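The structure under discussion appears below in the form of structure tokens.
Protein chains: 2
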Amino acid sequence: MNLGALGFLITDSAKIPFSLLVVFTSAKLMSEILERLDQPGIVGEILAGVLIGPSVLGWVAPSDFLSALADLGAMFLLFRVGLEVKYSELLKVSGAAAIVAALGVISTFGLVWAVLALWGAPPKETIFVAAALVATSVGITAQVLAAKNLLALAASRIILAAAVIDDVLGLIVLAIVSSVVRGRWNLLELLATTGLALGFTAIVAWWGPRAVGVMVPRLNEKLRAAEGQFILALILMFLFSVLAVYSGIAAIVGAFLAGMALAEHTDPHCRDLAQGVSDFLVPFFLAVIGLNVNLSVFSGASTLLLTLAVLCAVVFSKVLGCGLGAISLGRVDALRIGVGMIPRGEVCMAVARLGLTLGIIRQSMYSAVVFVTVAAAALAPPLLHLVFRDFRKPGVPKPEMYRLG
Amino acid sequence: MNLGALGFLITDSAKIPFSLLVVFTSAKLMSEILERLDQPGIVGEILAGVLIGPSVLGWVAPSDFLSALADLGAMFLLFRVGLEVKYSELLKVSGAAAIVAALGVISTFGLVWAVLALWGAPPKETIFVAAALVATSVGITAQVLAAKNLLALAASRIILAAAVIDDVLGLIVLAIVSSVVRGRWNLLELLATTGLALGFTAIVAWWGPRAVGVMVPRLNEKLRAAEGQFILALILMFLFSVLAVYSGIAAIVGAFLAGMALAEHTDPHCRDLAQGVSDFLVPFFLAVIGLNVNLSVFSGASTLLLTLAVLCAVVFSKVLGCGLGAISLGRVDALRIGVGMIPRGEVCMAVARLGLTLGIIRQSMYSAVVFVTVAAAALAPPLLHLVFRDFRKPGVPKPEMYRLG
Chain U
1 MNLGALGFLI TDSAKIPFSL LVVFTSAKLM SEILERLDQP GIVGEILAGV LIGPSVLGWV
61 APSDFLSALA DLGAMFLLFR VGLEVKYSEL LKVSGAAAIV AALGVISTFG LVWAVLALWG
121 APPKETIFVA AALVATSVGI TAQVLAAKNL LALAASRIIL AAAVIDDVLG LIVLAIVSSV
181 VRGRWNLLEL LATTGLALGF TAIVAWWGPR AVGVMVPRLN EKLRAAEGQF ILALILMFLF
241 SVLAVYSGIA AIVGAFLAGM ALAEHTDPHC RDLAQGVSDF LVPFFLAVIG LNVNLSVFSG
301 ASTLLLTLAV LCAVVFSKVL GCGLGAISLG RVDALRIGVG MIPRGEVCMA VARLGLTLGI
361 IRQSMYSAVV FVTVAAAALA PPLLHLVFRD FRKPGVPKPE MYRLG
Chain L
1 MNLGALGFLI TDSAKIPFSL LVVFTSAKLM SEILERLDQP GIVGEILAGV LIGPSVLGWV
61 APSDFLSALA DLGAMFLLFR VGLEVKYSEL LKVSGAAAIV AALGVISTFG LVWAVLALWG
121 APPKETIFVA AALVATSVGI TAQVLAAKNL LALAASRIIL AAAVIDDVLG LIVLAIVSSV
181 VRGRWNLLEL LATTGLALGF TAIVAWWGPR AVGVMVPRLN EKLRAAEGQF ILALILMFLF
241 SVLAVYSGIA AIVGAFLAGM ALAEHTDPHC RDLAQGVSDF LVPFFLAVIG LNVNLSVFSG
301 ASTLLLTLAV LCAVVFSKVL GCGLGAISLG RVDALRIGVG MIPRGEVCMA VARLGLTLGI
361 IRQSMYSAVV FVTVAAAALA PPLLHLVFRD FRKPGVPKPE MYRLG
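Same order as they appear, the protein sequences are chains U and L. Numbering-wise (my numbering), the first sequence opens with residue 1 and increments by one. Numbering-wise (my numbering), the second sequence opens with residue 1 and increments by one.
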């Protein structure tokens with residue numbers, strides 16, 4: 001047999017197992033090393049992506065397959081976090097969360113705009129980049145809080161609720177900025193976009209848990225399939241993710257709302273099944289963040305300086321803006337909430353890529369935005385580790401539940 | 001905001017959740033319908049793929065993303081089946097399984113060769129197609145047996161062991177046929193290929209469980225990560241899959257061997273986590289089989305007739321060949337084993353595609369091979385349902401364990 005003849009067959013079918021092996025193993029290995037250094041393991045999983053990615057070792061390149069696994073990982077992560085959150089408790093904090101989200105969005109937009117304007121970037125690029133960087137991506141924070149068993153804290157609830165509201169606000173900001181950049185306003189379209197996003201979120205958050213509470217147990221009784229509850233849960237998650245995307249907000253927000261709708265109607269076995277999927281996929285979500293790092297921002301002193309300035313703006317704006325919004329809870333919780341809102345995610349990269357495609361954002365600025373997004377995601381876990389240090393060990397008695405006035 | 005400007009962003013990010021929703025929901029819906037008609041649900045999941053695929057409704061087309069999920073689904077399915085199989089029990093039946101596998105491979109090659117030769121296909125095409133169709137793909141059978149709680153039966157063990165051996169034999173047949181087709185023999189390469197495949201399987205089957213038995217508990221004790229056992233299990237599965245592919249055999253055989261190596265060292269919680277992943281992914285494995293159906297084989301009476309003749313050859317050769325190999329267990333079990341060996345899988349399609357690329361197999365013959373592969377996979381569950389009808393209900397007391405002399 002000429003192995004060459006079958007060579008492509010082997011190489012082709014090895015690609016998937018090979019990338020699974022390398023990404024998963026290195027993520028878990030780095031996580032273990034970081035944990036032993038008393039650092040959050042999640043940083044290790046992101047660093048593993050940087051290490052094996054094109055910037056350093058070049059063992060694995062970002063691919064459609066890995067991106068798809070990463071997207072799935074983020075969906076299952078937020079879904080599982082949603083399962084731990086009772087709708088009624090999130091509703092209680094929705095007022096506080098709205099203020100946190102709004103101040104975070106405003107301060108990020110303002111601060112990033114100021115940095116870029118001072119640096120002398122073109123006005124259109126300036127407002128487009130500022131708009132791209134407003135949206136918090138709650139995946140990283142959710143993972144840290146879940147790993148530390150802190151989802152029941154009032155501060156955690158506010159972060160989760162604020163992240164959902166933040167996503168809707170981010171969409172509105174993007175809609176306005178798109179109009180400004182294109183130089184023509186269409187108030188009707190703007191209102192329609194906003195209305196759709198708000199409508200979806202409000203309807204799902206309000207009616208979801210009620211409808212699910214009635215339907216899921218009944219359907220489950222009638223189903224012949226084994227694990228009917230888990231199957232229904234997955235279908236609901238996919239459905240809400242699709243609806244979220246078509247409403248203009250992120251798929252992970254839909255997955256979170258689906259989890260929340262199911263929170264009071266799933267048994268521990270169903271949670272174990274969902275946990276299996278997220279344990280498998282979340283390392284890909286984290287490592288792929290690292291794979292996207294492009295170290296070309298370090299090629300010139302000027303680009304590097306700008307990138308670091310934008311990174312500072314992106315970090316401090318959320319800490320100050322969101323913290324200010326939550327100051328009534330006391331300084332400690334205000335800081336925790338501010339830090340929890342730091343991470344940015346795929347939405348920022350996708351909007352920046354849109355700007356690149358439209359010719360509004362230059363390639364160097366695009367690389368800077370991607371770097372800032374990844375760096376903000378990687379900075380958040382150690383900072384969260386610091387501000388939540390009173391609750392460091394998972395498994396210790398649950399922290400006292402805060403009461404909101 | 002001009003939605004058109006962001007339109008591609010929405011469409012692009014909706015693609016993954018949309019295909020997840022449509023494929024998973026339709027698979028589970030059709031499964032439910034078939035179960036209510038007292039047919040195996042697995043057929044419904046395959047039919048769902050045919051229905052939503054390009055041949056009928058055209059809602060979803062085969063894509064790299066769905067193929068990747070399908071491959072992952074098959075890997076996790078076989079991994080989970082491996083977890084239920086004790087190595088020592090598989091070893092007991094390895095002699096019987098080797099005869100079953102060998103007779104199945106020989107009779108399939110002979111019968112398909114005869115059909116195509118009688119029909120007047122070119123000699124090279126004839127032997128290449130015959131070689132492509134020898135390999136049983138155990139995924140479908142494993143899923144049926146697992147769903148019916150029948151993995152502990154002696155007949156089930158023989159099917160699993162025979163499927164592993166079958167994969168090695170299939171590789172050897174393919175190696176020989178490639179040499180013949182190319183008109184030059186290289187005995188050294190042939191021996192190397194065979195030796196590698198046999199060596200990997202033997203070493204992993206022999207040493208895997210022992211090495212794992214020593215290493216996994218020790219490593220797990222030292223790991224700080226939550227769910228260390230599950231993480232180690234996944235890493236082992238990915239590693240064995242990669243090694244299997246590089247040895248020339250299918251990734252799912254590697255995943256099965258990894259599961260088997262772990263069978264005696266995993267707790268129920270770890271199995272639940274693995275089950276969650278396979279519950280999520282297996283419907284994609286099944287539906288994607290259906291998506292690949294190409295109804296163009298029905299365009300001409302001659303092609304149709306040939307396709308049906310090959311299908312009959314593919315089905316009866318395993319029932320008769322494997323059945324004959326297992327006749328010492330009595331007629332009932334011989335029939336069960338023969339039927340269990342019917343399904344074919346991705347390996348057949350991949351080899352046929354190789355033949356197409358090399359110009360040995362014509363397009364119409366390629367479509368016929370794909371159709372036969374899918375049809376054999378879809379026929380197996382109802383036939384298995386029939387021959388295992390004494391053990392129809394899952395959850396009833398476990399069937400008496402057969403003893404092998």
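Ideal Cβ placement from N, Cα and C applies to all residues, glycine included. In this text the structure is predicted, and so the values were computed from the model without any measurement.
Secondary structure of residue i, DSSP reduced to three states
i        : result
L:THR266 : coil
L:ARG218 : helix
U:ARG224 : coil
L:ARG362 : coil
L:PHE238 : helix
Per-residue contacts from residue i into chain U (C-beta, under 9 Å)
i       : result
L:GLY41 : ARG224 and ALA225
L:ASP64 : ASP64, PHE65 and ALA68
Limits of the unbroken alpha helix (DSSP H) element including residue i
i        : result
U:ILE249 : Premise fails: U:ILE249 is in no alpha helix (DSSP H) and is neither H nor E.
U:GLN143 : 139 to 147
U:ARG182 : 154 to 182
U:GLY73  : 64 to 83
U:ARG331 : 331 to 340
L:VAL112 : 94 to 119
L:ALA48  : 41 to 52
Chain U within 8 Å of residue i, Cβ atoms only
i        : result
L:TYR246 : yes
L:VAL129 : no
L:PRO217 : no
L:GLN229 : no
L:VAL242 : yes
L:SER26  : no
L:ASP71  : yes
L:ILE16  : yes
L:ALA101 : no
L:ASP390 : no
Neighbourhood of residue i by C-beta, 6 Å cutoff - its chain only, sequence neighbours within 5 removed
i        : result
L:ALA27  : GLU45, ALA48, PRO283 and ALA287
L:LEU379 : none
L:LEU273 : PHE230
U:ALA377 : ILE140, ILE289 and PRO343
L:ALA162 : ALA97, VAL100 and ALA101
U:GLY407 : Nothing about residue 407 of chain U can be read from this structure; chain U reaches only from 1 to 405.
Below-8 Å beta-carbon distance, residue i vs any chain L residue
i        : result
U:LEU356 : no
U:ARG344 : no
U:ILE235 : yes
U:LEU111 : no
U:ARG36  : yes
U:LEU305 : no
U:ALA152 : no
U:ALA98  : no
U:ALA251 : yes
Chain-order list of residues whose beta-carbon lies under 8 Å from that of residue i (same chain, five-residue window excluded)
i        : result
U:PHE18  : none
L:GLU32  : GLY41 and GLY44
U:TYR366 : ALA352, ARG353, GLY355 and LEU356
L:SER278 : GLY73, PHE76, LEU77, PHE79 and ARG80
U:LEU320 : SER107 and GLY338
Cutoff 7 Å; reference residue i; Cβ partners in own chain excluding five residues on either side
i        : result
L:ILE327 : ALA334
U:ALA490 : Here chain U has residues from 1 to 405 only, and residue 490 of chain U is not among them.
U:PHE388 : LYS148, LEU150 and ARG336
U:LEU57  : LEU51
Amino acids of chain U, ordered along the chain, whose beta-carbon sits closer than 8 Å to that of residue i
i        : result
L:HIS269 : ASP272
L:ILE360 : Going along chain U, no residue has its Cβ under 8 Å from L:ILE360, so there is no contact; the nearest lies around 10 Å.
L:LEU21  : ILE235, PHE238, LEU239, SER241 and VAL242
Contacts of residue i in chain L (Cβ-Cβ under 9 Å)
i        : result
U:VAL277 : LEU273, GLY276, VAL277, ASP279, PHE280 and LEU281
Where residue i meets chain L, residues with beta-carbon distance less than 7 Å
i        : result
U:ASP333 : Residues of chain L passing the Cβ test: none, with the nearest at roughly 26 Å.
U:SER31  : ALA225
Listed by chain order, chain U residues near residue i by CB distance under 7 Å
i        : result
L:THR201 : Residues of chain U passing the Cβ test: none, with the nearest at roughly 16 Å.
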